[in-house]
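K.L.:
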């Protein structure tokens with residue numbers, strides 16, 4: 001499919017809609033904004049965290065749209081996106097096919113910059129797998145696609161879940177920590193609403209969207225089975241994005257979990273055993289999270305000097321997991337870096 005000069009999904013400052021995908025048996029809501037896309041330029045595709053409809057990241061989209069064409073979408077069952085015909089779990093592997101169908105329907109061709117937050121890293125990498133598989137087929141057919149960045153211009157994995165995290169932990173955070181912190185007003189304690197910069201109308205719209213998502217998409221989305229399916233592809237071991245541009249960002253989620261625990265204990269929540277197990281979870285998370293997150297750099301072969309120059313690892317020790325909702329620049333900076341590296345590579 002070619003990029004059409006007057007395709008509104010590539011040219012309008014802002015456009016959104018619920019797009020029917022008959023072959024997939026569902027409809028997906030999508031929103032595109034930013035400067036008009038020129039032929040050959042990448043478009044950012046954003047993958048939200050588990051249970052988070054794309055409207056939750058409205059300020060992130062506004063920030064990114066200042067300098068790059070963006071496309072945000074809701075996975076099956078999220079907010080206004082419909083559910084597929086089957087009654088089984090919603091898996092990231094299937095979601096990759098849904099997104100591919102969406103992009104074909106609205107005429108948004110590669111290259112893409114994939115940006116994932118939290119669980120969004122799993123569906124982002126499934127989509128990468130699907131797209132690079134198509135690229136390999138095109139190369140075999142002699143269609144002239146020469147390198148991975150012709151399809152996936154870059155990837156930003158912002159404090160993302162990995163196959164190892166979801167394989168190691170039956171629940172994140174642990175069920176004991178969830179029980180202890182269930183009555184903690186996280187938004188109030190951490191001043192999330194004030195720091196988010198959201199208007200009252202935007203805040204209420206997000207609450208309503210999350211409520212629509214919970215019993216439908218979030219309840220049926222199986223994060224652990226999705227992570228297992230991704231692990232079986234051995235992307236890290238096989239350096240599946242070798243030659244690509246990758247930014248891996250880790251935040252201080254251990255700080256978040258400690259705050260959840262402390263505030264819950266202040267309220268008198270949790271048995272002694274629950275508190276002990278919650279403390280153990282927090283300790284283990286702090287010990288192993290670095291290795292689990294940084295391992296994603298193996299997607300581009302970090303021990304290869306030539307490829308490593310197009311990969312970066314960033315740690316925000318003073319910011320927690322929800323930092324993109326508080327300071328959009330933290331998400332924007334790695335996207336800008338990817339764009340700069342892509343331009344350098346293009347000029348080589």
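In full-length UniProt numbering, the protein residues as written are 1 to 348. Cβ coordinates follow ideal geometry from the N, Cα and C atoms, glycine included. Given the structure is predicted, the values throughout are model-derived calculations rather than measurements.
Apply the 10 Å Cβ neighbour rule to residue 6 and answer buried if 16 or more other Cβ atoms are within range, or exposed otherwise.
P.N.:
It is exposed - the Cβ of residue 6 has fewer than 16 other Cβ atoms within 10 Å.
K.L.:
What residues in its chain sit with their C-beta under 8 Å from that of residue 89, if we drop five residues either side in the sequence?
P.N.:
The residues are 220, 221, 222, 225.
K.L.:
Given that a residue counts as buried once 16 or more other Cβ atoms are within 10 Å of its Cβ, and exposed if not, what is residue 296?
P.N.:
Flag for residue 296 reads buried.
K.L.:
Taking Cβ positions, are residue 21 and residue 10 nearer each other than 8 Å?
P.N.:
No; because the gap between Cβ atoms is not below 8 Å, this pair is not in contact.
K.L.:
If you count every other CB in all the chains shown that lies within 10 Å of the CB of residue 215, and 16 or more means buried, which is it?
P.N.:
Residue 215 should be labelled exposed.
K.L.:
Pull the bridge partners of residue 17 from the DSSP assignment, please.
P.N.:
Answer is 30, bridged to residue 17.
K.L.:
In chain order, which continuous runs of the alpha helix (DSSP H) of length 4 or greater are located wholly inside the region 206-276?
P.N.:
Whole alpha helix (DSSP H) segments, 4+ residues: 223-231, 235-238, 253-266.
K.L.:
Tell me which residues share the same chain as residue 310 and place their Cβ nearer than 6 Å to its Cβ, disregarding the 5 neighbours each side in the sequence.
P.N.:
Counting only Cβ-Cβ distances below 6 Å, and skipping sequence neighbours, we find 245, 341.
K.L.:
Give me the residue from 41, 156, 177, 194 with the minimum Cα distance to residue 294.
P.N.:
The option with the nearest alpha carbon to residue 294 is 156.
K.L.:
Would you kindly report the start and end of the unbroken beta strand (DSSP E) that includes residue 113?
P.N.:
112-117 is the extent of the beta strand (DSSP E) around residue 113.
K.L.:
Looking at residue 18: is its Cβ nearer than 8 Å to the Cβ of residue 80?
P.N.:
In contact: residue 18 and residue 80 (Cβ atoms closer than 8 Å).
K.L.:
What are the complete alpha helix (DSSP H) segments, minimum 4 residues, inside the region 146-198?
P.N.:
For the region 146-198, whole alpha helix (DSSP H) runs of length 4 or above, ordered along the chain, are 163-168, 175-181, 186-190, 192-196.
K.L.:
Just to confirm my understanding: we take residue 13, look at its own chain, exclude 5 residues before and 5 after, and list those with CB closer than 7 Å. What are they?
P.N.:
Cβ within range, chain order: 33.
K.L.:
For residue 260, I'd like the list of residues in its chain whose CB is within less than 8 Å of its CB, leaving aside the five on either flank, ordered along the chain.
P.N.:
The residues are 173, 177, 180, 181, 184, 186.
K.L.:
Locate the beta strand (DSSP E) running through residue 45, then write down its first and last residues.
P.N.:
First-last of the beta strand (DSSP E) with residue 45: 43-47.
K.L.:
Starting from residue 299 and walking both ways along the alpha helix (DSSP H), at which residues does that stretch end?
P.N.:
Taken as a continuous stretch (DSSP letters only), residue 299 belongs to no alpha helix (DSSP H), as it is neither H nor E.
K.L.:
Identify the continuous beta strand (DSSP E) that holds residue 68 and give its terminal residues.
P.N.:
Residue 68 -> no beta strand (DSSP E), and no H or E assigned at all.
K.L.:
Look up residue 311 in the DSSP assignment and say whether it is helix, strand or coil.
P.N.:
It is a strand residue.
K.L.:
Contact check, residue 240 vs residue 132 under 8 Å by CB: the rounded distance?
P.N.:
Yes, residue 240 and residue 132 are in contact; Cβ-Cβ is about 7 Å, under 8 Å.
K.L.:
CA-CA distance, residue 251 and residue 314?
P.N.:
For residue 251 and residue 314, the distance between alpha carbons rounds to 9 Å.
K.L.:
Going by the DSSP bridge assignment, what does residue 90 pair with across the sheet?
P.N.:
Residue 90 is bridged to 221.
K.L.:
Between which two residues does the alpha helix (DSSP H) holding residue 108 run?
P.N.:
Premise fails: residue 108 is in no alpha helix (DSSP H) and is neither H nor E.
K.L.:
The alpha helix (DSSP H) that contains residue 341, what's its start and end?
P.N.:
Per DSSP, residue 341 belongs to the alpha helix (DSSP H) from 329-347.
K.L.:
On the three-state DSSP scale, how would you describe residue 316?
P.N.:
Residue 316: strand per DSSP, three-state reduction.
K.L.:
Is residue 200 buried or exposed, if buried means 16 or more other CB atoms sit within 10 Å of its CB?
P.N.:
Label assigned to residue 200: exposed.
K.L.:
Candidates 243, 44, 285: which alpha carbon is nearest residue 147's?
P.N.:
Nearest of 243, 44, 285 to residue 147, Cα basis: 243.
K.L.:
Okay, do the region 268-287 and the region 330-339 touch, 3+ Cβ pairs below 8 Å being the bar?
P.N.:
Result no; under three Cβ-Cβ pairs closer than 8 Å.
K.L.:
Give a yes or no on whether the C-beta atoms belonging to residue 117 and residue 78 are separated by under 8 Å.
P.N.:
Against a cut-off of 8 Å, the Cβ pair of residue 78 and residue 117 comes out as no contact.
K.L.:
Cα-Cα, which of 50, 15, 25, 54 is closest to residue 35?
P.N.:
Checking every option, the nearest Cα to that of residue 35 belongs to 15.
K.L.:
Taking the straight line between their C-alpha atoms, what separation do you get for residue 346 and residue 60?
P.N.:
Cα to Cα, the separation comes out at about 27 Å.
K.L.:
What does residue 127 pair with, by DSSP beta-bridge criteria?
P.N.:
Answer is none; residue 127 lacks a bridge partner.
K.L.:
Please classify residue 282: is it buried, with 16 or more other beta-carbons within 10 angstroms of its beta-carbon, or exposed?
P.N.:
Answer is buried; the Cβ neighbour count reaches 16.
K.L.:
For residue 83, tell me which candidate among 52, 43, 128, 24 has the shortest Cα-Cα distance.
P.N.:
Checking every option, the nearest Cα to that of residue 83 belongs to 24.
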